[in-house]
Amino acid sequence: MQPASLLASFWVCRKLEQRSNSADYRKEGYMMLNCGGSGSRMSNGEEGWEERDTRGHKSRGQLRNVGTIWLILQCVFYSYVVLADYYTCDIRFRPALRKTLAERHPSPRGYARGEKVFIAAAFHQNEQVLPYWTQTTLDAITYLGTDNVFVSVVENYSSDRSPELLREFASELDKRGVKNRILVQDETIKKPEKVALEPLLAHGGYDKVLFSNDIFIEPESVIELLETRDGDFDFACGLDFGHFGAYDMWVLRDRVGHLTAGIWPYFFDTAGYEAMKKENPVPVFTCWNGIVVFQADPAGHPWAKKLGPSPALTSPLVFRASVEGECYSSESFLLPYDLRRIMGLNKIYANPRVVNGYVWKYYAWHKWVLRERHVKWFIEQVWDGAWIQYARMIVGDAKKVWTWDGVDCHPWW
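Given below as C-alpha cells:
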C-alpha cells in the first residue's frame, strides 16, 4: 500500500505540473504568432486567449483540487491509524502495564511471574535510539519488578551522546534499586555481547536472559516476548523490520531450516504459515531479529539447574564466530543453532507480536500503519503476498544456496 500511495501522489503531482506547463506554453506561443497581426485580429486573439485561459485555469484548478483532496485523505488516514490505538494482538499486556506505571509505589516484586530476568544489550553510536530504548526498559522493569532484574549494558566507545545517555540510565537504575553494570567508552572491548553476559556467568541466579539490539520497541512488546507460549520455550525472538519488510533474514530459518521470505507471511512451511495467520509464536530453526529471550541455564553453566542431556560434558552457551565448513553466519545465528545442536533444546519460536525496528520511520510504519486492523486485513486477506510471498530472501546468487547440517546457507556472493 505504501508504494501505491506514493505512486498515486507522484502521478497526481506530475499531471498538475504537465497541465500547468502545457497551458503556459500555449499562451506564450499564441502571443508570439499574433505579434504582427492587425488590431482587430489582435483583439480577436486576445478574446480567444482569454476564453482559453479561463478554461485552462479551471482545468488546472480542478487538478489542484484533486491533488489537495488526495493529500488530505492521506493525512486523515494516517491520523486515524495513529489515534485509533487498536491493535488487539500487540497490546494484551498494555492495560496491566499502564496500571502498574500509574501506581505511586509499584511493588519491587513485580506483577509478572516473579522470574529473575537478566537484561543485556550492546550499543555503539546509538544516540537516536537510546532515549526510547531506555524508557521502554525502565517501564518493563517496573512491571517485572526491580528486585527481579539485572541490567548489563556495554557501550563500545561511541563519539555521539550514547555514553552520556547510558550514564543517565545507570543513575536512574541506581535510584530505583535495580542491580546493574553499565560500561561506557571502553575501546578495548572486542566482543561486547560476551562482555555483557559476564555478570551472569560470574554469579548466575537468573531464570531468563533478555538480549536486545539497538532497537525501537514498546514495553508491552518486551513483556509479550517474555510471555511467549506462557513461558514454555527455550529461545524466543521478535520480528524486526526495515524499509522493505522483515530485516534480519540472514539469521531467520523456518522450523525445517529453510530460508524465509521478507514479506508476509514470511514462512513457507504449513505450521509457520498457520501460526502467522493467527499471530501465534512460530516454530523456527534459528532466529534473532532484534531482541531475544532464552533460558539462562545454558549461558549460566555451571550454575545451571537443568541443562541438556549431559550437563557435565556440555560447554556453556556462548557467542562465537562460524568455523570452516559451517554456514558463514553471525553470532546471532549460531547462538540458537548451538542451543539446539549442543544443548538439545528445541523449543525455538519467533513471536510475530513482538514488532521492533532499528530506524524510527520503518518501525512506526510496520508497527502502527501496517498493523492497523483494516490495513492488516487487506495485507493478509486481499494482498496476501501479491504472489511473491514465496520468494525467499537470499543474500547472493540464489543458484548457490547450499545446505549445512540441515540448514540452508546464504551464498554471500
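The sequence shown maps to residues 702 to 1114 in the numbering used here.
Beta carbons are placed, not taken as given, at the ideal position from N, Cα and C, and that holds for glycine.
- Taking Asn857 and Ala823 to be in contact with their CB atoms under 8 Å, please state how far apart those CB atoms are, rounded to whole angstroms. Position 156 of the sequence shown, counting from 1, holds the residue named residue 857. Position 122 of the sequence shown, counting from 1, holds the residue named residue 823. Right, their Cβ atoms sit about 7 Å apart.
May I ask you to report which of helix, strand or coil DSSP gives Gly963? Within the sequence shown, residue 963 is the residue found at index 262, counting from 1. The three-state secondary structure of Gly963, taken from DSSP, is coil.
Inset, instruction - Using the Cα positions of Leu867 and Arg1072, report the straight-line distance between them to the nearest angstrom. - result: Here residue 867 refers to the residue found at position 166 when the sequence shown is read from its first residue. Here residue 1072 refers to the residue found at position 371 when the sequence shown is read from its first residue. If I take the Cα positions, the gap works out to 32 Å.
Query raised in the report: To which residues of the same chain is Gly973 closer than 6 Å at the C-beta, ignoring the five residues directly before and after it?
Result: Here the question's residue 973 lines up with position 272 in the sequence shown. These residues qualify, in order along the chain: Asp955 and Val983.
Within 10 Å of its beta-carbon, does Asn1047 have 16 or more other beta-carbons around it, so buried, or fewer, so exposed? Mapped onto the sequence shown, residue 1047 falls at position 346. With fewer than 16 Cβ atoms within 10 Å of its Cβ, Asn1047 is classed as exposed.
Item checked: Nearest neighbour of Glu816, chosen from Ile924, Cys1110, Glu919 and Asp840 [CA to CA] -> Start at 1 with the first residue of the sequence shown, and residue 816 comes out as number 115. Answer by Cα proximity: Ile924.
Among Leu831, Ile792 and Phe995, which one has its Cα closest to the Cα of Arg1074?
As a working note, residue 1074 is residue 373 in the sequence shown. Closest option to Arg1074, Cα to Cα, is Ile792.
Self-check item: Residues bridged to Gln996 (per DSSP)
Solution: The count along the sequence shown starts at 1 and reaches residue 996 at position 295. For Gln996, which the question treats as bridged, DSSP gives the partners Lys909.
Three-state secondary structure assigned by DSSP to Lys817: The residue you call residue 817 lines up with position 116 of the sequence shown. Coil at Lys817, not helix or strand.
### Task
Specify the secondary structure class of Ser853 as computed by DSSP and reduced to three states.
In the sequence shown, the residue the question calls residue 853 occupies position 152. Ser853 falls in the strand class under three-state DSSP.
Taking the alpha carbon of Asp848 as the reference point, which residue from Val879, Gly905 and Val1102 has its own alpha carbon closest?
For the purposes of this step, residue 848 is identified with residue 147 of the sequence shown, where counting begins at 1. Minimum Cα distance to Asp848 is reached at Val879.
Residue from Phe968, Asn881, Leu927 and Pro1112 whose Cα sits closest to the Cα of Ala821
To locate residue 821, count along the sequence shown from 1; it is residue 120. If we check each option's Cα against that of Ala821, Asn881 comes out closest.
With H, G and I counted as helix, E and B as strand and the rest as coil, what does DSSP make of Leu884?
Residue numbering aside, residue 884 sits at position 183 when the sequence shown is read from its first letter. In the structure shown, Leu884 falls within a strand segment according to DSSP collapsed to helix, strand and coil.
Could I get the ranges of all uninterrupted alpha helix (DSSP H) runs contained in the region 891-959, with 4 residues as the minimum, in chain order? DSSP runs (the alpha helix (DSSP H)) wholly in the region 891-959: 893-897, 899-904 and 920-927.
Residues bridged to Thr987 by DSSP?
As a working note, residue 987 is residue 286 in the sequence shown. For Thr987, the pairing in a beta bridge is given by DSSP as Arg954.
Whose C-beta lies closer than 8 Å to the C-beta of Val952 among residues of the same chain, with five residues either side of it excluded?
By 1-based counting over the sequence shown, the position of residue 952 is 251. Closer than 8 Å at the Cβ level, and outside the excluded window around Val952, lie Thr987, Cys988, Trp989, Asn990, Ser1030, Ser1031, Ser1033 and Phe1034.
Need the endpoints of the beta strand (DSSP E) that Pro1053 sits in, please. In the sequence shown, counting from the first residue as 1, residue 1053 sits at position 352. That run of the beta strand (DSSP E) goes Ile1049 to Gly1058.
- Query: How many angstroms separate the CA atom of Met863 from the CA atom of Tyr1059?
  - Reply: Translated into positions along the sequence shown, residue 863 becomes position 162. Translated into positions along the sequence shown, residue 1059 becomes position 358. Residue identity check: residue 863 is Ser in the sequence provided, not Met. Roughly 15 Å separates the two Cα atoms.
Exposed or buried, which one is Gly811 when buried takes at least 16 other CB atoms within 10 Å? Here residue 811 corresponds to residue number 110 of the sequence shown, with the count starting at 1. When all chains shown are included, Gly811 counts as buried.
Check your understanding: Cβ of Gly963 within 7 Å of Cβ of Ala947?
Key -> Start at 1 with the first residue of the sequence shown, and residue 963 comes out as number 262. Start at 1 with the first residue of the sequence shown, and residue 947 comes out as number 246. Yes, the Cβ-Cβ distance between Gly963 and Ala947 is below 7 Å.
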